[in-house]
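A.B. asks:
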Amino acid sequence: MAIKVALLNFCFDDYTIELANSLVNYVDLTLIQQQKSAPACKGVLDERIPVLRFEKPPMRHPGNIRSIAEMMRIIREVQPDVLHVQESNDIWYLLNLLFAKMPPLVTTIHDVFGHPGDGEQVFASQYTRPIAFYRSQQLIVHTQQHQETLNQQFRIPKEKINILPHGELGSLYQRRTQKYSFPKEPSTLLFFGRIWPYKGLKYLLQAMPLVAEHIPDVKLIIAGRGENIHQYFPHGYDEQRYEIINNFISNEDVVKLFQRSTATILPYIEASQSGVAALSYGMGTPIIASEVGGLKEIVRDQEDGFLVPPGNVEALANAIIHLLSDPQLQQKMQIAALSRSQQDLNWSNIAAQTVDVYHKTIKYA
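Residue numbers for the sequence shown follow numbering that gives the first Met the number 0, beginning at 0 and rising by one.
1) Taking all protein chains shown into account, do 16 or more other C-beta atoms lie within 10 angstroms of the C-beta of Ala37, making it buried, or fewer, making it exposed?
2) Exposed or buried, Pro233, counting other C-beta atoms within 10 Å across all chains shown (16 or more means buried)?
3) Note down the Cα distance separating Thr355 from Gln136, rounded to an integer number of angstroms.
4) Output the distance between the C-alpha atoms of Glu201 and Lys362, rounded to the nearest integer angstrom.
5) Label Met58 either buried or exposed according to how many other C-beta atoms from any shown protein chain fall within 10 Å of its C-beta, with 16 as the threshold for buried.
6) Among the candidates Leu188, Gln34, Met0, Lys41, whose CA atom is the shortest distance from the CA of Asn20?
7) Based on Cα-Cα distance, which residue from Ile319, Val291, Glu302 lies nearest to Gly310?
8) Look up Asn245 in the DSSP assignment and say whether it is helix, strand or coil.
9) Just mark Asn88 as buried or exposed, buried being the case when its beta carbon has 16 or more other beta carbons within 10 Å.
10) Should the segment 291-306 be called in touch with the segment 136-150, which here means at least 3 C-beta pairs below 8 Å?
11) Using the three-state DSSP reduction, which class does Pro79 fall into: helix, strand or coil?
12) Between which two residues does the alpha helix (DSSP H) holding Leu315 run?
13) Pop quiz: Phe53 and Ile73 are said to be a contact at Cβ under 8 Å. What is the actual Cβ separation, rounded to whole angstroms?
14) Between Glu184 and Thr263, how many whole angstroms is the CB-CB distance? I'm expecting something under 8 Å.
15) With a threshold of 8 Å on Cβ separation, who are the neighbours of Pro182 within its own chain once the five nearest residues in sequence on each side are excluded?
16) Where does Ala5 sit, in a helix, a strand or coil, going by DSSP?
17) Assuming Ile220 and Leu256 form a contact by the criterion Cβ under 8 Å, report the distance between their Cβ atoms to the nearest whole angstrom.
18) As an exercise, report each continuous alpha helix (DSSP H) stretch of at least 4 residues that is fully enclosed by the segment 182-219, in chain order.
19) Can you tell me whether Leu365 is helix, strand or coil according to DSSP?
20) What whole-angstrom Cβ distance do Ile194 and Gly223 have, given they're in contact under 8 Å?
21) Throw me the rounded Cβ distance for the Gln33 and Phe9 pair, which I believe falls under 8 Å.
22) Would you check if the distance between the CB atom of Thr1 and the CB atom of Ile16 is smaller than 8 Å?
23) Evaluate the contact criterion for the segment 197-211 versus the segment 146-154: three or more CB pairs, one atom per stretch, below 8 Å.
24) For His83, which option in Pro102, Leu315, Met71 has the closest C-alpha, if you only look at C-alpha atoms?
25) Nearest CA to the CA of Ala277: which residue from Tyr172, Gln239, Lys3?
26) Looking only at its chain, what residues have a beta carbon closer than 8 Å to the beta carbon of Pro129, apart from the 5 residues adjacent to it on each side?
27) Going by beta carbon distance, what residues of the same chain come within less than 8 Å of Gln333, once the five residues before and after it are set aside?
See below:
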């Protein structure tokens with residue numbers, strides 16, 4: 000008889016959709032989520048998966064008391080053997096977790112700590128986040144670095160911390176926009192995602208003139224929200240050299256941006272794991288990244304991308320020049336990047352490993 004699993008998410012919609020689509024082949028699955036996640040699921044969530052949703056008001060709204068009560072009612076109604084939660088910094092959920100009786104609990108931790116300079120961090124989450132670490136029977140993380148941090152700084156036993164890869168996300172976006180296909184532009188680079196200081200955009204911008212000396216037609220696409228992008232260009236910018244999208248990006252544009260780009264650049268000065276990397280590999284786009292945090296576990300240096308020392312502008316420029324100067328290397332790395340979707344970043348493989356964690360959870364609950 001299949002294990003009965005309730006999968007609960009407050010955010011990480013794309014990740015949850017792809018995990019659920021594969022888990023349903025292994026377990027009796029119910030998805031529980033807030034109402035605002037419904038649009039992300041439309042047309043891409045497996046129809047076999049029953050979905051139960053609840054209204055979730057803004058964090059400071061007192062209606063959260065009723066919302067969390069409704070969430071708990073749904074969980075009790077489902078009566079799962081295992082409750083699997085995608086990490087939440089929601090204070091109402093975490094305080095409820097502190098006192099409520101829960102089914103055997105698995106939590107996927109995407110970030111042990113908040114990122115420096117991240118303007119979207121939840122107030123006081125650094126104090127409430129550890130509640131999930133201690134209340135869960137098993138934890139899932141995406142990198143060895145996360146496992147070591149939880150073990151050394153929070154004294155979580157290693158046998159309770161399971162390392163599973165962050166699955167690729169490119170195929171999800173391609174399913175959402177099947178009619179779109181764009182050729183690679185041989186000298187186009189992509190910086191994608193939320194723009195905060197820890198993402199290291201300033202180092203990439205410092206590297207661009209060095210790259211342009213060798214690759215005159217190099218172009219950088221900067222796509223994402225966060226900081227005011229224009230602070231990086233106080234005197235304006237060359238529209239032939241830079242393409243800037245500092246607002247909401249549609250699914251169609253996400254696909255287009257990755258398909259156009261020869262490489263995704265992740266010049267981060269701090270990193271845990273990276274959904275952008277998971278998206279890039281799923282699109283067959285190699286990555287040039289800082290050798291920092293979880294990125295050095297994700298990118299296979301010299302195979303499907305390059306790793307460079309964080310903050311080293313010259314090394315970053317040289318890696319970009321190396322890739323853009325060699326069409327054969329580009330093709331080789333594109334194939335290697337895409338093949339990751341059938342290997343360690345494949346969702347079916349990840350779902351099977353997740354089910355092993357469920358069995359362990361039930362055994363030791």
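In this text, a Cβ means the ideal position worked out from N, Cα and C, and glycines have one as well.
Owing to the predicted nature of the structure, the values given are computational and were not obtained by experimental measurement.
C.D. replies: On the basis of the supplied data:
1) Result: exposed.
2) exposed
3) Thr is not the amino acid found at residue 355; the sequence shown has Asp there. Those two C-alpha atoms are separated by around 13 Å.
4) The sequence as given places Lys at residue 201; Glu does not occur at that position. Approximately 49 Å, taken between the alpha carbons.
5) exposed
6) Lys41
7) It is Val291 whose Cα lies nearest to the Cα of Gly310.
8) If DSSP states are grouped into helix, strand and coil, Asn245 belongs with coil.
9) buried
10) The segment 291-306 makes contact with the segment 136-150: 3 or more CB pairs, one atom from each, lie closer than 8 Å.
11) coil
12) 312-323
13) 6 Å
14) Going by Cβ atoms, the distance from Glu184 to Thr263 rounds to 13 Å, so no, they are not a contact pair.
15) Within the same chain, Pro182 has close Cβ partners Gln258, Arg259.
16) In the structure shown, Ala5 sits in a strand (DSSP, three-state: E or B).
17) Here Ile220 really is in contact with Leu256; their C-beta atoms are around 6 Å apart, less than 8 Å.
18) 200-213
19) Residue numbering for the chain in the displayed model covers 0 to 364; residue 365 lies beyond these limits and cannot be assessed.
20) Sure, about 5 Å apart at Cβ, within 8 Å.
21) 6 Å
22) Before going further, note that residue 1 is Ala rather than Thr in the sequence given. No, Cβ-Cβ distance for Ala1 and Ile16 is not below 8 Å.
23) no
24) Pro102
25) Answer by Cα proximity: Tyr172.
26) The residues are Phe153.
27) These residues qualify, in order along the chain: Lys183, Gly283, Thr284, Pro285.
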